[in-house]
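Student:
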Amino acid sequence: MVFGSSSDAMLASVYNANPGLADYGPILPGGLAITLPDGLGAAPPATNQAVRLWD
Numbered sequence: 009m010v011f012g013s014s015s016d017a018m019l020a021s022v023y024n025a026n027p028g029l030a031d032y033g034p035i036l037p038g039g040l041a042i043t044l045p046d047g048l049g050a051a052p053p054a055t056n057q058a059v060r061l062w063d
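Residue numbers (our numbering): 9 to 63.
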């Protein structure tokens with residue numbers, strides 16, 4: 009999962025790994041530990057391509 013993504017399957021996997029998480033609503037209390045399932049995390053860094061303004 010890429011952070012910021014809202015795929016239904018990704019959301020369901022987070023809720024399955026954290027029973028009762030949805031009961032907190034949209035604002036989570038500070039210090040709440042949330043388990044992220046395997047395979048979820050930041051996207052790999054994008055590769056930069058050189059841009060030439062003049063030939």
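Backbone N, C-alpha and C fix where the C-beta goes; we use that ideal spot for every residue, glycine too.
Every value quoted in this text rests on a predicted model; they were computed, and no experiment measured them.
Under 7 angstroms between C-beta atoms, does threonine 43 make it to chain C?
Tutor: Protein chains in the displayed structure number just one, and chain C is not present.
Student: Between the C-alpha atoms of leucine 61 and methionine 18, what's the straight-line distance to the nearest angstrom?
Tutor: Looking at the two C-alpha atoms, the distance is approximately 40 angstroms.
Student: Who are the near neighbours of asparagine 56 in its chain, counting only those whose CB is closer than 7 angstroms to its CB and skipping five residues on each side?
Tutor: none
Student: How long is the line joining the alpha carbons of proline 37 and threonine 43, rounded to whole angstroms?
Tutor: 15 angstroms
Student: Just the C-alpha distance for alanine 20 and proline 45, rounded to the nearest angstrom, thanks.
Tutor: 10 angstroms
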